[in-house]
Amino acid sequence: MQTAVESSTRGQRKVRLGTVISDKGEKTVIVQVGTSKAHRLYKKTVQQRTKFKVHDEKNECGVGDLVRITETRPISKEKRWRVLEIVEKAK
Numbered sequence: 005m006q007t008a009v010e011s012s013t014r015g016q017r018k019v020r021l022g023t024v025i026s027d028k029g030e031k032t033v034i035v036q037v038g039t040s041k042a043h044r045l046y047k048k049t050v051q052q053r054t055k056f057k058v059h060d061e062k063n064e065c066g067v068g069d070l071v072r073i074t075e076t077r078p079i080s081k082e083k084r085w086r087v088l089e090i091v092e093k094a095k
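Count along the sequence shown from 1, add 4, and you get the number used in our numbering.
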């Protein structure tokens with residue numbers, strides 16, 4: 005028999021790739037994620053940037069690092085993402 009916990013599956017979490025633009029906070033970094041979208045009228049590709057406050061448990065990230073972040077439970081008032089891995093360190 006399966007219990008209620010085993011039968012309910014957790015949905016797929018969002019994963020984004022972005023660049024660290026600030027590492028001033030304690031266990032917090034700000035990551036900028038860029039996406040390309042077509043303008044609805046002119047059909048030209050437009051760059052859109054979004055900033056996320058991301059939880060960095062080990063304080064490993066530095067400014068300029070390329071990181072993969074994932075959605076998680078609310079950690080604080082504005083933090084809903086955490087660092088999954090550092091893809092590339094800044095030079």
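Virtual Cβ for every residue (Gly too), placed ideally from N, Cα, C.
Kindly indicate the opening and closing residues of the beta strand (DSSP E) around residue i.
i, result
"residue 42", "32-42"
"residue 3", "Since the first residue of the chain shown is 5 and the last is 95, residue 3 is not available in this structure."
"residue 49", "49-59"
Just to confirm before moving on: does the CB-CB distance between residue i and residue j stay below 7 angstroms?
i, j, result
"residue 58", "residue 72", "no"
"residue 17", "residue 74", "yes"
"residue 49", "residue 36", "no"
"residue 19", "residue 60", "no"
"residue 68", "residue 94", "yes"
"residue 51", "residue 38", "yes"
"residue 78", "residue 86", "no"
Could you check what DSSP says for residue i in three-state terms: helix, strand or coil?
i, result
"residue 74", "strand"
"residue 67", "coil"
"residue 45", "coil"
List the residues that DSSP assigns as beta-bridge partners of residue i.
i, result
"residue 82", "Beta-bridge pairing links residue 82 to no other residue."
"residue 87", "73"
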